[in-house]
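In our numbering, the protein residues as written are 18 to 273.
#1: What is the DSSP secondary structure of residue 94, counted as helix, strand or coil?
#2: Would you kindly work out how many angstroms separate the C-alpha atoms of residue 207 and residue 101, rounded to a whole number?
#3: Once DSSP output is grouped into helix, strand and coil, what is the label at residue 1?
#4: Identify every residue that forms a DSSP beta bridge with residue 238.
#5: Within the same chain, show all residues whose beta-carbon is closer than 6 Å to that of residue 158, passing over the 5 residues directly before and after it, in chain order.
#6: So, do the region 148 to 168 and the region 109 to 127 have three or more beta carbon pairs nearer to each other than 8 Å?
#7: When the distance is taken between beta carbons, is residue 110 closer than 8 Å to residue 55?
#8: Which full runs of the beta strand (DSSP E) of 3+ residues lie inside the region 194 to 225, going along the chain?
#9: State buried or exposed for residue 112, treating a residue as buried only when at least 16 other CB atoms are found within 10 Å of its CB.
#10: Within 10 angstroms of its Cβ, does residue 74 collect 16 or more other Cβ (buried), or is it exposed?
#11: Suppose you measure from the CA of residue 184 to the CA of residue 46; what does that come to, to the nearest Å?
#12: Using C-beta distances below 6 Å, list every residue in its chain close to residue 114, excluding the 5 sequence neighbours before and after it, in chain order.
#13: Looking at residue 233: is its Cβ nearer than 8 Å to the Cβ of residue 145?
#14: Given 8 Å as the limit, is there contact between the region 189 to 203 and the region 216 to 223, that is, 3 or more CB pairs closer than that?
#15: I'd like the ranges of any beta strand (DSSP E) spanning at least 3 consecutive residues and lying wholly in the region 44 to 126.
#16: Alpha carbon to alpha carbon, how far is residue 162 from residue 40? Give it in angstroms, no decimals.
The structure is reproduced here in C-alpha cells:
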C-alpha cells in the first residue's frame with residue numbers, strides 16, 4: 018500500500034494591510050480598524066491553529082519600498098507590501114494564545130549582529146516552548162541598506178552570503194553555549210546555574226565576531242527551525258547547509 022503523503026500548511030503573513038495580494042485590504046470583508054491592536058493578531062493566530070495550520074511566518078522588510086519609479090508614493094498610497102508593525106513584537110502575543118502553531122519571523126543577516134539575533138530568537142523560542150522559525154534573508158533591496166547605516170547600498174551578493182554563513186555559525190555557537198542541564202535552580206543550595214556548563218562562543222570570522230556566552234539558557238529547539246528564501250545557486254547552497262525549509266516562488270513548472 019502506498020504511504021499517504023502529508024502536506025504541511027504554512028501561512029504567509031505581513032504585518033500590514035495586505036500580504037501577497039496588495040489590494041486585499043479593499044475587500045468588503047477586510048477589517049482595518051483593528052490593524053494596530055493585539056486582538057487582531059491573537060485572533061489570526063487562533064484561526065490558523067484552529068484550521069490546522071502547522072505554522073505561519075511573517076515576511077518583512079526594514080522600510081517602505083521605493084522600487085517603483087524611485088518613489089514610495091504608490092506603496093503608501095495603495096497600501097501595497099507594507100510592514101507597519103514589527104513582527105517580533107507580534108509573535109509573543111500569538112504564542113500566548115496558541116499551543117501548537119509554529120511562529121516564523123524574517124530577519125536579515127546583513128544588518129543585525131549575530132549576538133542580538135541569537136538572543137531575540139532564543140528568547141522567543143523559550144517563551145513559545147520551542148515553536149520558533151527563522152526565515153533567514155541576506156536582503157536584496159538597497160533601500161533597506163540605506164535605512165541601516167549603509168548609504169552606499171548593499172554589499173555584493175557573494176559577500177552577503179559569506180556574511181550570512183558566518184552569522185549562522187556564530188549564532189549556532191551561541192545557542193549551544195549553555196549545556197542542557199546548566200540551569201540548576203537549587204533554592205536550598207543557593208545555586209542558580211552551573212558556570213562550568215556555560216561556555217563562550219569565541220567565534221571570529223572575517224565579518225562576524227562574538228565572544229559570548231549567551232545571557233539566556235538553551236532553548237527547547239536549541240536553535241529555531243531555519244527557513245531560507247534564496248533561489249539563486251548560492252542561495253540554494255546556503256539553504257542546503259542550514260535550512261530545514263526552503264521558501265520559493267518558481268515562475269514555471271520547469272523551474273520548480
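A virtual CB, placed ideally from N, CA and C, is assigned to each residue, including glycine.
Result, derived from the coordinates:
#1: In this structure, residue 94 counts as helix in the three-state DSSP scheme.
#2: Rounded to the nearest whole angstrom, the CA to CA distance from residue 207 to residue 101 is 46 Å.
#3: Limits of the chain in this structure are 18 at one end and 273 at the other, which puts residue 1 out of reach.
#4: Paired residues: none, contrary to the question.
#5: Setting aside the 5 residues that flank it on each side, residue 158 has no residue in the same chain whose C-beta is closer than 6 Å to its C-beta.
#6: Taking a contact to require three or more Cβ pairs closer than 8 Å, the region 148 to 168 and the region 109 to 127 qualify as touching.
#7: Taking the C-beta atoms as reference points, residue 110 is found nearer than 8 Å to residue 55.
#8: Listed in chain order, they are 200 to 203, 208 to 210.
#9: Buried, because 16 or more other Cβ atoms sit within 10 Å of the Cβ of residue 112.
#10: Classification for residue 74: buried.
#11: When rounded, the distance between both Cα atoms is 42 Å.
#12: In its chain, beyond the 5 residues on either side, 59, 62, 63 have a beta carbon closer than 6 Å to the beta carbon of residue 114.
#13: The Cβ atoms of residue 233 and residue 145 do not sit closer than 8 Å to each other.
#14: These segments touch.
#15: Listed in chain order, the complete beta strand (DSSP E) runs (minimum 3 residues) inside the region 44 to 126 are 72 to 75, 119 to 125.
#16: Roughly 27 Å separates the two Cα atoms.
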